[in-house]
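Enquirer:
There are 2 protein chains.
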Amino acid sequence: MLSRKPRIIIVGGGFAGLRLIRKLAQANAEIILIDRHNYHTFVPLLYQVATGFVTPETIAYPFRKYLRSIKNTRFIQAEVQKVNFDAKVVNTKAMDLSYDYLVLATGSSTRFLGVDGAADYALPMRTLEDAIAIKDRLIGNFERASLCQDIERRRQLLTIAIVGGGATGVELAGSIIELVRDTLAQDYPNISTREVRVILIHSGTRLLADYPQDLSDYTSKQLRRKGVKTHFQSRVRKVMPGEIILDDGTVLEAAAIIWTAGVEADYPQPKNQIPTAKKDKICVTANLQLPGYPEVYAIGDVALVKQNGEPLLGIAPEALQQGTAVAHNLRRQLREMPPQPFKYFNKGKAAIIARNNGVAYLFGKIPLKGFAAWLMWLVIHLYYLPGIANRFVALGRRLRDYLTKERDLRQLFDYQNIKQSKLISMSKNNSVMASKK
Amino acid sequence: MLSRKPRIIIVGGGFAGLRLIRKLAQANAEIILIDRHNYHTFVPLLYQVATGFVTPETIAYPFRKYLRSIKNTRFIQAEVQKVNFDAKVVNTKAMDLSYDYLVLATGSSTRFLGVDGAADYALPMRTLEDAIAIKDRLIGNFERASLCQDIERRRQLLTIAIVGGGATGVELAGSIIELVRDTLAQDYPNISTREVRVILIHSGTRLLADYPQDLSDYTSKQLRRKGVKTHFQSRVRKVMPGEIILDDGTVLEAAAIIWTAGVEADYPQPKNQIPTAKKDKICVTANLQLPGYPEVYAIGDVALVKQNGEPLLGIAPEALQQGTAVAHNLRRQLREMPPQPFKYFNKGKAAIIARNNGVAYLFGKIPLKGFAAWLMWLVIHLYYLPGIANRFVALGRRLRDYLTKERDLRQLFDYQNIKQSKLISMSKNNSVMASKK
Numbered sequence: 000m001l002s003r004k005p006r007i008i009i010v011g012g013g014f015a016g017l018r019l020i021r022k023l024a025q026a027n028a029e030i031i032l033i034d035r036h037n038y039h040t041f042v043p044l045l046y047q048v049a050t051g052f053v054t055p056e057t058i059a060y061p062f063r064k065y066l067r068s069i070k071n072t073r074f075i076q077a078e079v080q081k082v083n084f085d086a087k088v089v090n091t092k093a094m095d096l097s098y099d100y101l102v103l104a105t106g107s108s109t110r111f112l113g114v115d116g117a118a119d120y121a122l123p124m125r126t127l128e129d130a131i132a133i134k135d136r137l138i139g140n141f142e143r144a145s146l147c148q149d150i151e152r153r154r155q156l157l158t159i160a161i162v163g164g165g166a167t168g169v170e171l172a173g174s175i176i177e178l179v180r181d182t183l184a185q186d187y188p189n190i191s192t193r194e195v196r197v198i199l200i201h202s203g204t205r206l207l208a209d210y211p212q213d214l215s216d217y218t219s220k221q222l223r224r225k226g227v228k229t230h231f232q233s234r235v236r237k238v239m240p241g242e243i244i245l246d247d248g249t250v251l252e253a254a255a256i257i258w259t260a261g262v263e264a265d266y267p268q269p270k271n272q273i274p275t276a277k278k279d280k281i282c283v284t285a286n287l288q289l290p291g292y293p294e295v296y297a298i299g300d301v302a303l304v305k306q307n308g309e310p311l312l313g314i315a316p317e318a319l320q321q322g323t324a325v326a327h328n329l330r331r332q333l334r335e336m337p338p339q340p341f342k343y344f345n346k347g348k349a350a351i352i353a354r355n356n357g358v359a360y361l362f363g364k365i366p367l368k369g370f371a372a373w374l375m376w377l378v379i380h381l382y383y384l385p386g387i388a389n390r391f392v393a394l395g396r397r398l399r400d401y402l403t404k405e406r407d408l409r410q411l412f413d414y415q416n417i418k419q420s421k422l423i424s425m426s427k428n429n430s431v432m433a434s435k436k
Numbered sequence: 000m001l002s003r004k005p006r007i008i009i010v011g012g013g014f015a016g017l018r019l020i021r022k023l024a025q026a027n028a029e030i031i032l033i034d035r036h037n038y039h040t041f042v043p044l045l046y047q048v049a050t051g052f053v054t055p056e057t058i059a060y061p062f063r064k065y066l067r068s069i070k071n072t073r074f075i076q077a078e079v080q081k082v083n084f085d086a087k088v089v090n091t092k093a094m095d096l097s098y099d100y101l102v103l104a105t106g107s108s109t110r111f112l113g114v115d116g117a118a119d120y121a122l123p124m125r126t127l128e129d130a131i132a133i134k135d136r137l138i139g140n141f142e143r144a145s146l147c148q149d150i151e152r153r154r155q156l157l158t159i160a161i162v163g164g165g166a167t168g169v170e171l172a173g174s175i176i177e178l179v180r181d182t183l184a185q186d187y188p189n190i191s192t193r194e195v196r197v198i199l200i201h202s203g204t205r206l207l208a209d210y211p212q213d214l215s216d217y218t219s220k221q222l223r224r225k226g227v228k229t230h231f232q233s234r235v236r237k238v239m240p241g242e243i244i245l246d247d248g249t250v251l252e253a254a255a256i257i258w259t260a261g262v263e264a265d266y267p268q269p270k271n272q273i274p275t276a277k278k279d280k281i282c283v284t285a286n287l288q289l290p291g292y293p294e295v296y297a298i299g300d301v302a303l304v305k306q307n308g309e310p311l312l313g314i315a316p317e318a319l320q321q322g323t324a325v326a327h328n329l330r331r332q333l334r335e336m337p338p339q340p341f342k343y344f345n346k347g348k349a350a351i352i353a354r355n356n357g358v359a360y361l362f363g364k365i366p367l368k369g370f371a372a373w374l375m376w377l378v379i380h381l382y383y384l385p386g387i388a389n390r391f392v393a394l395g396r397r398l399r400d401y402l403t404k405e406r407d408l409r410q411l412f413d414y415q416n417i418k419q420s421k422l423i424s425m426s427k428n429n430s431v432m433a434s435k436k
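Protein chains in written order, with numbering that gives the first Met the number 0: chain A, 0 to 436; chain B, 0 to 436.
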């Protein structure tokens, strides 16, 4: 197992990490991917898991399968707890690993912005587990409402409040309306779709604030037409079980409260050694390196990357391009050449409002809306799906849905009754892995 | 909502319950299906969930979807806690329901036969949650083994012990070997398939005891050829974490211990009012009625049904035929005619050993083995799958697997971190539902 090749450790197998690995497939290095999950999460389709349209497995691609054809890379399922940047060692529960180069691509997690009760009673929307919990809450509340004859309580059970008017909030709102209209209307003969309320609470003056005003207006109008009630310039003061209180004192009774409002960067200790900015994001150099540590990179949602003085948004195309850029820089460093600055080419972004409807903003200048934007989104995202088989499954299902408006995924599994054993920590004596350069 | 129709309550939506509902679709009655889950579990494919071949959703068919086309039947998700046979009332947490006719089709659950530690440390295999837990344990142990350099510990992590040599044990053993050979061999470059051990522990002298000797012998030979180690006439004395002790004192180190050895009937209180036999099964009359309660039936795995003095086995075809028979009897009772005795027509049974390989015993006299038996199993089970769409999805996946030997389902989700809210019990005042005859 001894090797003289330089070791590159990549922490996190999201869009940035996987692209980096693919671009380094021919590199003469020993590459190790560490992730706490054994699968890549295809985040753009999370809202479809949350609304019962695709199974969790459809958007969770196993790393080991991805790596089969990439011979220079190994996978370790572990949680990185600490990095010693001076000793160049990564600490996990199971083992310590030394590195020659390190790439932090650890993404972000939900941030409840200090709102009282939000962490306890609102449902976040960042991970697959979050999405499954939302789906279960939605379907479970319909089951409860169908048995409930108390009008007040029934109204509460049939109200869904979404906090945050970014792409995730918009996509969830539209998709929940579709879930209600297409499927639940048929399944619950004693619930009228008019009893269901979807409320979108947004702190800003318009939805999708990083899109042109025209597209924001279009989005609000479309959602309102579908029956979504929007609250603009509203901040949440407090979340309680089944209740949300806005800062103007408004009390909304909602048995499902979904939180899409904040994110913060998510990376190992020690945080105080890392220069950070807003949302805890890691400040990087123009080459995407950690200042003072030219062998350490940070990319994707964990990093604060600026272009022309403006921070990037933290969307998938940015992460992918950063993965490519760091692969390029690492290959240069391996050949003793200096790394080069990252330059983002803005191909555009898109958000879905509903089946056949969306908004897109291409190359930072071309606005699209309606069916064309939806189709654009579909093609882009199918293209990015990491596995060919998954791509076809997802496409097939989307087409089937498009034709039949059918959603099968409303099974309520009893997850608390799944006997699970945590990954066991092994004696570190057995498993120290040193780099052997 | 008032109705003068007689009310039939069916508790349990397994094979027996669903068949009954379908056969009563035209009956002039108010029918209520009560189940603790909101989906039907297609039990014969559970072992394929446990070995990562189909998603849990594939074999979990939502009741409400099934009932869309059946206008006289409503679904209530609830756990039946008690039945008052004299007052003709079913008690659930959320509400009490009176009935004119009641059918108990509540199935069975795992029975650990009083073996010390089995309930705590062995993984049962009756529900979807059980199957998910097994899959997670298998894949999780491979992840652990790939990090483990202690030879003893690694051997333990790579040993799977299955208790019980009935159809479930056989199918699991064969399917686990395939999981190892086809998929894990490619995914874990530092684990050799020769390190993996699958042990089948059986108390009897031969596997599949209710099949002819010839088919049992064939099954043992096939499993042994695939590398399964069989222990016959072995009883388990004790189960400990990662260890199983047989009654001859043999200690087997196995990080995955799967329990398929015992079942017991599973039905509401009060059990002491119900005449029961071996395995707690409900003794029924020849007409499948509860003795002394002509308006109450028990069918499927919960009932002890005899034919020619011999008890039936508790397999799906029996449950389906009992559903049909009770539908017939209820229709007769609704027209003031006496019910008729149930007669089982033995079409046969089949068990899978591996891809392309199985055993079947048709009409109680024709033995089949190998590919023909496997194909028979496949056709029969696809035919029984309750939804057309599911049927095609399942068939498509099986064909894909048959061609590519590919299994994608090895994602380890963190089920303990899914925020779940239990079905809320509502004030009974709001929700007493009386029958209005």
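Glycine included, C-beta positions come from ideal geometry on N, C-alpha and C.
On a predicted model such as this, the values are computed, not experimentally measured, just so you know.
Distance check for residue 198 (chain A) and residue 225 (chain A), CA to CA, integer angstroms please.
Expert: In the first sequence, residue 225 (chain A) corresponds to position 226, counting from 1. In the first sequence, residue 198 (chain A) corresponds to position 199, counting from 1. Computed Cα separation, rounded: 12 Å.
Enquirer: Going by beta carbon distance, what residues of the same chain come within less than 6 Å of residue 155 (chain A), once the five residues before and after it are set aside?
Expert: Counting from one through the first sequence, the residue named residue 155 (chain A) turns up at place 156. Around residue 155 (chain A): 241, 252 and 254.
Enquirer: Name the two residues that bound the continuous alpha helix (DSSP H) containing residue 170 (chain B).
Expert: Counting from 1 along the second sequence, the entry for residue 170 (chain B) is found at position 171. Its alpha helix (DSSP H) spans residues 166-177.
Enquirer: Just to confirm, are residue 132 (chain B) and residue 10 (chain B) a CB contact at a threshold of 8 Å?
Expert: Here residue 132 (chain B) is taken as the residue at index 133 of the second sequence, counted from 1. Here residue 10 (chain B) is taken as the residue at index 11 of the second sequence, counted from 1. No, Cβ-Cβ distance for residue 132 (chain B) and residue 10 (chain B) is not below 8 Å.
Enquirer: So within the region 13-57 of chain A, which uninterrupted beta strand (DSSP E) runs reach at least 3 residues, ignoring any that extend past its ends?
Expert: Runs of the beta strand (DSSP E) inside the region 13-57 of chain A: 29-34 and 38-40.
Enquirer: Using a Cβ-Cβ distance cut-off of 8 Å, determine whether residue 159 (chain A) contacts chain B.
Expert: By 1-based counting over the first sequence, the position of residue 159 (chain A) is 160. No, residue 159 (chain A) does not count as interfacial toward chain B.
Enquirer: State buried or exposed for residue 68 (chain B), treating a residue as buried only when at least 16 other CB atoms are found within 10 Å of its CB.
Expert: Numbered from its first residue, the second sequence carries residue 68 (chain B) at position 69. By the 10 Å Cβ count, residue 68 (chain B) comes out exposed.
Enquirer: For the region 344-351 of chain B against the region 292-301 of chain B, do three or more pairs of beta-carbon atoms, one drawn from each stretch, fall closer than 8 Å, so that the two count as touching?
Expert: In short, these stretches do not touch, since the Cβ pair count stays below three.
Enquirer: Following the continuous beta strand (DSSP E) through residue 59 (chain B), name the residue where it begins and the one where it ends.
Expert: For this step, residue 59 (chain B) is matched to residue 60 along the second sequence. Looking at the DSSP string, the run of the beta strand (DSSP E) that includes residue 59 (chain B) is 59-61.
Enquirer: Sort A:206, A:94 and A:261 by Cα distance to residue 454 (chain A) and report the nearest one.
Expert: Residue 454 (chain A) is absent from the structure shown; chain A starts at 0 and stops at 436.
Enquirer: Count the CB pairs spanning the region 129-148 of chain A and the region 276-287 of chain A that are closer than 8 Å, and state whether there are at least three.
Expert: The region 129-148 of chain A is not in contact with the region 276-287 of chain A.
Enquirer: Thinking just about the alpha-carbon of each residue, which of B:247, B:220, B:142 and B:135 is nearest to the one in residue 413 (chain B)?
Expert: Mapped onto the second sequence, residue 413 (chain B) falls at position 414. Considering only alpha carbons, the answer is B:135.
Enquirer: Drop a sphere of 10 angstroms on the beta-carbon of residue 191 (chain B), count the other beta-carbons inside from all chains shown, and report buried for 16 or more, exposed for fewer.
Expert: Taking the first residue of the second sequence as position 1, residue 191 (chain B) is located at position 192. Exposed, since its Cβ has fewer than 16 Cβ neighbours within 10 Å.
Enquirer: Cβ atoms of residue 325 (chain B) and residue 32 (chain B): under 8 Å apart, would you say?
Expert: What you label residue 32 (chain B) is simply residue 33 of the second sequence in a count that begins at 1. What you label residue 325 (chain B) is simply residue 326 of the second sequence in a count that begins at 1. Not closer than 8 Å, so no.
Enquirer: Among B:295, B:338 and B:178, which has the Cα closest to the Cα of residue 89 (chain B)?
Expert: Walking along the second sequence from the start, residue 89 (chain B) turns up at place 90. Among B:295, B:338 and B:178, the Cα nearest to that of residue 89 (chain B) is on B:295.
Enquirer: In chain A, what lies closer than 8 Å to residue 67 (chain B) by C-beta?
Expert: The sequence position of residue 67 (chain B) within the second sequence is 68, counting from 1. 185 and 186, listed in chain order.
Enquirer: Counting only beta-carbon atoms, is residue 387 (chain A) nearer than 8 Å to chain B?
Expert: If you number the first sequence from 1, residue 387 (chain A) lands on position 388. In this prediction, residue 387 (chain A) has a pLDDT of 45, which is less than 50 and means its spatial position is unreliable; nothing more can be read from the coordinates.
Enquirer: Alpha carbons only, please: which of A:418, A:142 and A:267 is nearest the one belonging to residue 108 (chain A)?
Expert: Position 109 of the first sequence holds residue 108 (chain A). Selected option, being the one with the closest Cα: A:267.
Enquirer: Give the range of the alpha helix (DSSP H) segment to which residue 156 (chain A) is assigned.
Expert: Taking the first residue of the first sequence as position 1, residue 156 (chain A) is located at position 157. From DSSP, the alpha helix (DSSP H) with residue 156 (chain A) extends over 150-156.
Enquirer: Does any C-beta atom of chain A lie closer than 8 Å to the C-beta of residue 44 (chain B)?
Expert: Start at 1 with the first residue of the second sequence, and residue 44 (chain B) comes out as number 45. Residue 44 (chain B) does not count as touching chain A.
Enquirer: So, with DSSP's three-state summary, where would you put residue 119 (chain A)?
Expert: Along the first sequence, read from residue 1 onward, the residue named residue 119 (chain A) stands at position 120. Reduced to three states, the DSSP call for residue 119 (chain A) is helix.
Enquirer: Mind pulling the chain B residues with CB within less than 7 Å of residue 75 (chain A)?
Expert: Here residue 75 (chain A) refers to the residue found at position 76 when the first sequence is read from its first residue. Per Cβ cutoff of 7 Å: 146.
Enquirer: Return the chain-ordered list of same chain residues with a C-beta closer than 8 Å to the C-beta of residue 55 (chain A), the five sequence neighbours on each side being excluded.
Expert: The sequence position of residue 55 (chain A) within the first sequence is 56, counting from 1. The answer, listed in chain order, is 48, 127, 130 and 131.
Enquirer: Mind checking who residue 6 (chain B) pairs with in its DSSP beta bridge?
Expert: Residue mapping note: residue 6 (chain B) aligns to position 7 of the second sequence, counting from 1. Looking at the DSSP assignment, residue 6 (chain B) forms a beta bridge with B:29.
Enquirer: Can you tell me which of A:363, A:368 and A:345 puts its alpha carbon nearest to the alpha carbon of residue 356 (chain A)?
Expert: Along the first sequence, one-based indexing puts residue 356 (chain A) at 357. Looking at the Cα atoms, A:368 is the closest of the given residues.
Enquirer: Under 8 Å, Cβ to Cβ, is there at least one residue of chain B near residue 90 (chain A)?
Expert: As a first step, residue 90 (chain A) is located in the first sequence; it is residue number 91 there, counting from the start. Cβ-Cβ to chain B under 8 Å: no for residue 90 (chain A).
Enquirer: Just the C-alpha distance for residue 305 (chain B) and residue 39 (chain A), rounded to the nearest angstrom, thanks.
Expert: Residue numbering aside, residue 305 (chain B) sits at position 306 when the second sequence is read from its first letter. Residue numbering aside, residue 39 (chain A) sits at position 40 when the first sequence is read from its first letter. Cα to Cα, residue 305 (chain B) sits roughly 52 Å from residue 39 (chain A).
Enquirer: Could you tell me whether any non-hydrogen atom of the ligand ATP is closer than 7 Å to the CB of residue 350 (chain B)?
Expert: The ligand ATP is not among the ligands present in this structure, which contains no ligands whatsoever.
Enquirer: Which residues bound the beta strand (DSSP E) around residue 90 (chain B)?
Expert: As a first step, residue 90 (chain B) must be located in the second sequence, where it is residue number 91. 88-91 is the extent of the beta strand (DSSP E) around residue 90 (chain B).
Enquirer: At a cut of 8 Å, does the region 321-337 of chain B reach the region 139-148 of chain B through at least three beta carbon pairs?
Expert: The answer is no - the region 139-148 of chain B does not touch the region 321-337 of chain B, with fewer than three Cβ pairs under 8 Å.
Enquirer: What does DSSP give as the partner residues of residue 356 (chain B) in its beta bridges?
Expert: If you number the second sequence from 1, residue 356 (chain B) lands on position 357. Its beta-bridge partners are B:353.
Enquirer: Contact criterion: CB-CB distance below 8 Å. Does residue 128 (chain A) meet it with respect to chain B?
Expert: Counted from its first residue, the first sequence places residue 128 (chain A) at position 129. Yes, contact with chain B.
Enquirer: Give the residues from the region 275-307 of chain B that approach chain A closer than 8 Å (Cβ to any Cβ), ordered along the chain.
Expert: Of all residues in the region 275-307 of chain B, none has a Cβ within less than 8 Å of some Cβ in chain A.
Enquirer: Could you check where the beta strand (DSSP E) with residue 301 (chain B) kicks off and where it finishes?
Expert: In the second sequence, the residue the question calls residue 301 (chain B) occupies position 302. Run containing residue 301 (chain B): none; DSSP gives neither H nor E here.
Enquirer: What's the call for residue 338 (chain A), buried or exposed, on a 16-neighbour Cβ count within 10 Å?
Expert: The count along the first sequence starts at 1 and reaches residue 338 (chain A) at position 339. Label assigned to residue 338 (chain A): buried.
Enquirer: For the region 101-128 of chain A, which residues have a CB atom closer than 7 Å to at least one CB atom of chain B, in sequence order?
Expert: From the region 101-128 of chain A, only 122, 127 and 128 have a Cβ closer than 7 Å to chain B.
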